[in-house]
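Quick note, the sequences are listed as chains A and B, same order.
Oh and the first sequence: position 235 is 234 in numbering that gives the first Met the number 0, straight run, nothing missing.
Oh and the second sequence: position 126 is 125 in numbering that gives the first Met the number 0, straight run, nothing missing.
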Amino acid sequence: MPAELPTVDSAERVAVAATLAPDAGAAPSASGGRPGRAARDWRGPLLAAPYFVHLAVFFGYPLVFALVLVFHRWDLVTPMEWVGLGNLARLVADDLFARAMLNTGLFLLIHIPLQIVVALFFAELLNKRLPGQGFFRAIYFLPVVVSGVVVTILFAQLFAFDSGYVNRVLVALGGERVPWLVSPAWAMPAIALVATWKNVGLYVLLFLAGLQNIPAPLYEAAEVEGASRWQTWWLVTLPLLNPHMVTVVVLSTIGGFSLFVEPYVLTGGGPLNSTLSGLLYIYNQAFTFNHMGYAATLGLAFALLILVVVLVQRRVVEAEAT
Amino acid sequence: MRGRLPRLLAQAALVAGAVVFAYPFVWMALATLKPEAEISALNPLPSRWTAESYRLVFETIPLGRAFWNSVLVTGLVTTLALVFGSVTAYALARLSWRGREAAFALILFTMMVPFLVLLIPLYTLVVGFGWTDSYAGLVVPFMMNATAVLILRQHFLSLPQGLIDAARIDGAGEVRILFQIVWPLSVPALVTAGIIVFIGSWNEVLWPLLVVRDEAMMTMPQMVTLFAVGGGAESRLGPQLAAALLLALPVILAYAAFQRRFVESLATTGLKG
Numbered sequence: 000m001p002a003e004l005p006t007v008d009s010a011e012r013v014a015v016a017a018t019l020a021p022d023a024g025a026a027p028s029a030s031g032g033r034p035g036r037a038a039r040d041w042r043g044p045l046l047a048a049p050y051f052v053h054l055a056v057f058f059g060y061p062l063v064f065a066l067v068l069v070f071h072r073w074d075l076v077t078p079m080e081w082v083g084l085g086n087l088a089r090l091v092a093d094d095l096f097a098r099a100m101l102n103t104g105l106f107l108l109i110h111i112p113l114q115i116v117v118a119l120f121f122a123e124l125l126n127k128r129l130p131g132q133g134f135f136r137a138i139y140f141l142p143v144v145v146s147g148v149v150v151t152i153l154f155a156q157l158f159a160f161d162s163g164y165v166n167r168v169l170v171a172l173g174g175e176r177v178p179w180l181v182s183p184a185w186a187m188p189a190i191a192l193v194a195t196w197k198n199v200g201l202y203v204l205l206f207l208a209g210l211q212n213i214p215a216p217l218y219e220a221a222e223v224e225g226a227s228r229w230q231t232w233w234l235v236t237l238p239l240l241n242p243h244m245v246t247v248v249v250l251s252t253i254g255g256f257s258l259f260v261e262p263y264v265l266t267g268g269g270p271l272n273s274t275l276s277g278l279l280y281i282y283n284q285a286f287t288f289n290h291m292g293y294a295a296t297l298g299l300a301f302a303l304l305i306l307v308v309v310l311v312q313r314r315v316v317e318a319e320a321t
Numbered sequence: 000m001r002g003r004l005p006r007l008l009a010q011a012a013l014v015a016g017a018v019v020f021a022y023p024f025v026w027m028a029l030a031t032l033k034p035e036a037e038i039s040a041l042n043p044l045p046s047r048w049t050a051e052s053y054r055l056v057f058e059t060i061p062l063g064r065a066f067w068n069s070v071l072v073t074g075l076v077t078t079l080a081l082v083f084g085s086v087t088a089y090a091l092a093r094l095s096w097r098g099r100e101a102a103f104a105l106i107l108f109t110m111m112v113p114f115l116v117l118l119i120p121l122y123t124l125v126v127g128f129g130w131t132d133s134y135a136g137l138v139v140p141f142m143m144n145a146t147a148v149l150i151l152r153q154h155f156l157s158l159p160q161g162l163i164d165a166a167r168i169d170g171a172g173e174v175r176i177l178f179q180i181v182w183p184l185s186v187p188a189l190v191t192a193g194i195i196v197f198i199g200s201w202n203e204v205l206w207p208l209l210v211v212r213d214e215a216m217m218t219m220p221q222m223v224t225l226f227a228v229g230g231g232a233e234s235r236l237g238p239q240l241a242a243a244l245l246l247a248l249p250v251i252l253a254y255a256a257f258q259r260r261f262v263e264s265l266a267t268t269g270l271k272g
């Protein structure tokens, strides 16, 4: 058969041929696709090659080089200098590293429960299928798509102490000004509030999907058993939302460790380092002090910490369900 | 819901939620059109409408240039991620070859390693290539996207094999099959993957802060951040908010046009913008 260009016409013919073929619409085998002719065997690796060359250079090499950097001091200009376990020793004694971990812990302690409660609340409301459901869903999701830079510049003004709009409203309502971003006690909670406001729309959708997947017979059975609405929610709904709960907790944790734009723009990590996050500290070490080796060590340390925290959280959250 | 009252309460709560999530954006848009002195006033409406804040933004920073840089970088990253992502996904989904499963597992593994680990060595690599202050430094490390591969692979798996077999009998090569037969049948998956890459790339601020120092090469989020933080705005709020609004506008417009697709795409992957 001549290797002519398959035009739109022939594509249509192909589609017709496909519907007539005996296996039309059949689900592909578990391994995906069907073993091609032996002659085609080289095509797969050839097509996948660009991706994996790129992966080797921009993922594999940095990953290995991160491990090399842990044992070196390097300012990018002078040659690398072997320091053995020097970076690790420094890490253990580093008050700012401890501070960043503590700050992240405080952030997560506020952010995760708040996010879960708010997201569950709006997911339940949307699940009632009241008029305008799609519109409300779209509005709640808006902060998720907008850049974190926009959100933080906006809240820098809303949360300003003297002239901020939030404090103006509080005073007008007879309340007192809150030192949102200027007091060490309030700054991290304020950032957790901003992060929750920005991300919660995503979790509303995750929980909503979870709620819609709960089979109706389970609720009917609960009603027959005479369970109150609250009991039903506590004993049927909540356990079945557990997988989504795990997702929310894990994603929020990773987000907490990678917090950057919010403290960078809102507080610069202050006041008194009270909002210094892991990523912001790495950024400062690398680009204010040119400590590439130590910054890479911090990156690995925070990544390992995320892993440990997430594994523990999964155990706890999943144990709650049983 | 059984009673009328709970229904009404629920509806009221939905409206209250919409106010909480939308009002700050409305307030911001109005504040950019006020005289500077009125921004912290309780009344969100300006007494006199003015574009002074926008004039100051364009007077102080080359935001048009940054917008063009962002369009170019995001456009390139998204296009390349879709083209190479499709080629890779096709090889993983529709061709059988030794090591295919291991290759797929490797891609999944790359998605599990936090970017925190790679940030510094990747930066030193890009410095080593001499790619600071260049489009290459902003585009090349991100031109392959594991999430895009994953989404496209799942979709390609669902296409009927007869379609591909028939094209092969017609003598079409694999690349031609991919772009002329598989692509037209994969528009929703391409849009989903495209939105995810586009949002991530357009909103990225940390990486450009590292690799770009030259103002002429800065991306829009980077320039707006430095304008707000670095004192370019001289602590005037109007221009800061105006610059932020200009940065948000393309995403908000895209979101308004493809709202349902956006929501579904980002919700399926759990990615944060």
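Glycine residues also receive a C-beta, built at the ideal position from the N, C-alpha and C atoms.
Just so we're clear, the structure is a prediction, and the values are computed from it rather than from any experiment.
query	result
Give the interface partners of B/Val250 over in chain A, defined as CB-CB distance under 8 Å, in chain order.	Val144, Val145, Ser146
Measure from the C-beta of A/Ile305 to each C-beta in chain B and report whether the shortest distance is under 8 Å.	yes
In the DSSP assignment, what are the bridge partners of A/Arg72?	A/Glu80
Could you tell me the boundaries of the alpha helix (DSSP H) in which A/Thr103 lies?	94-126
Counting only beta-carbon atoms, is A/Pro188 nearer than 8 Å to chain B?	no
Taking only three categories from DSSP, how would you classify A/Glu224?	coil
Does DSSP classify A/Ile166 as helix, strand or coil?	Strictly speaking, residue 166 of chain A in this sequence is Asn, with Ile absent from that position. Correct three-state label for A/Asn166: helix.
Given a cut-off of 8 Å on the beta-carbon distance, is the pair A/Ile152 and B/Ala243 in contact?	yes
Going by C-alpha distance, which of B/Met222, B/Ala90, B/Gly170 is nearest B/His154?	B/Ala90
Can you have a look at A/Ala37 and say buried or exposed, based on whether 16 or more other CB atoms are within 10 angstroms of its CB?	With a pLDDT of 49 at A/Ala37, under the threshold of 50, the modelled position of this residue cannot be trusted; read the value that follows with caution. With fewer than 16 Cβ atoms within 10 Å of its Cβ, A/Ala37 is classed as exposed.
Quick one: give me the first and last residue of the alpha helix (DSSP H) that B/Trp206 is part of.	205-210
Can you check whether the CB of A/Val193 is closer than 8 Å to the CB of A/Phe160?	no
Report the three-state DSSP secondary structure of B/Ala50 (helix, strand or coil).	coil
In the stretch 15-37 of chain B, which residues sit with their C-beta less than 8 Å from some C-beta in chain A, listed in chain order?	Gly16, Ala17, Val19, Phe20, Ala21, Pro23, Phe24, Trp26, Met27, Ala30
So A/Gly255 and A/Phe134 are in contact, right, with Cβ under 8 Å, and what is the actual spacing, rounded?	That belief does not hold up - the Cβ atoms of A/Gly255 and A/Phe134 are roughly 31 Å apart, past 8 Å.
Compute the beta-carbon to beta-carbon distance between A/Val368 and A/Val249, rounded to the nearest angstrom, for a pair I have assumed lies under 8 Å.	The displayed coordinates of chain A run from 0 to 321. Any statement about residue 368 of chain A would go beyond what the structure contains.
Using a Cβ-Cβ distance under 8 Å, would B/Pro220 count as near chain C?	Absent from the structure is chain C; the protein chains it does hold are A and B.
How close, in whole Å, do the beta carbons of B/Val148 and B/Thr87 come, if the pair is a contact with beta carbons under 8 Å?	5 Å
What residue range is occupied by the uninterrupted alpha helix (DSSP H) comprising B/Arg93?	62-93
Output the distance between the C-alpha atoms of B/Arg6 and A/Gln284, rounded to the nearest integer angstrom.	54 Å
Report buried or exposed for B/Met111, applying the criterion of at least 16 other Cβ atoms within 10 angstroms of its Cβ.	exposed
State the DSSP-derived secondary structure class of A/Thr246, mapped to helix, strand or coil.	helix
Assuming B/Glu173 and A/Arg72 make a contact with CB atoms under 8 Å, what is their CB distance in whole Å?	Incorrect: roughly 49 Å between the Cβ atoms, too far for contact.
For A/Glu222, collect the residues of the same chain with a Cβ closer than 8 Å to its Cβ; drop the 5 residues on either side in sequence, then sort them by chain order.	Thr231
Distance check for B/Leu13 and A/Lys127, CA to CA, integer angstroms please.	11 Å
Measure the Cβ-Cβ separation of A/Gly292 and A/Val82 and say whether it is below 8 Å.	yes
Report yes or no: do three or more beta-carbon pairs, one from the stretch 78-96 of chain A and one from the stretch 290-305 of chain A, lie closer than 8 Å?	yes
Going by alpha carbons, who is nearest to B/Arg97 out of A/Pro44, A/Ala220, A/Ala65, A/Pro78?	A/Pro44
Does the distance from the C-beta atom of B/Asn42 to that of B/Gly84 stay below 8 Å?	no
Give the single residue among B/Ala241, B/Leu184, B/Ile60 whose Cα lies nearest to the Cα of B/Phe24.	B/Ala241
Any beta carbon of chain B sitting closer than 8 Å to that of A/Ser273?	no
CB of A/Thr274 to nearest heavy atom of the ligand FAD: below 7 Å?	Ligands in the displayed structure: none, and consequently the ligand FAD is not present.
Any beta carbon from chain B within less than 8 Å of A/Asp93's own beta carbon?	no
If you measure from the beta carbon of B/Val262 to each beta carbon in chain A, is any gap under 8 Å?	yes
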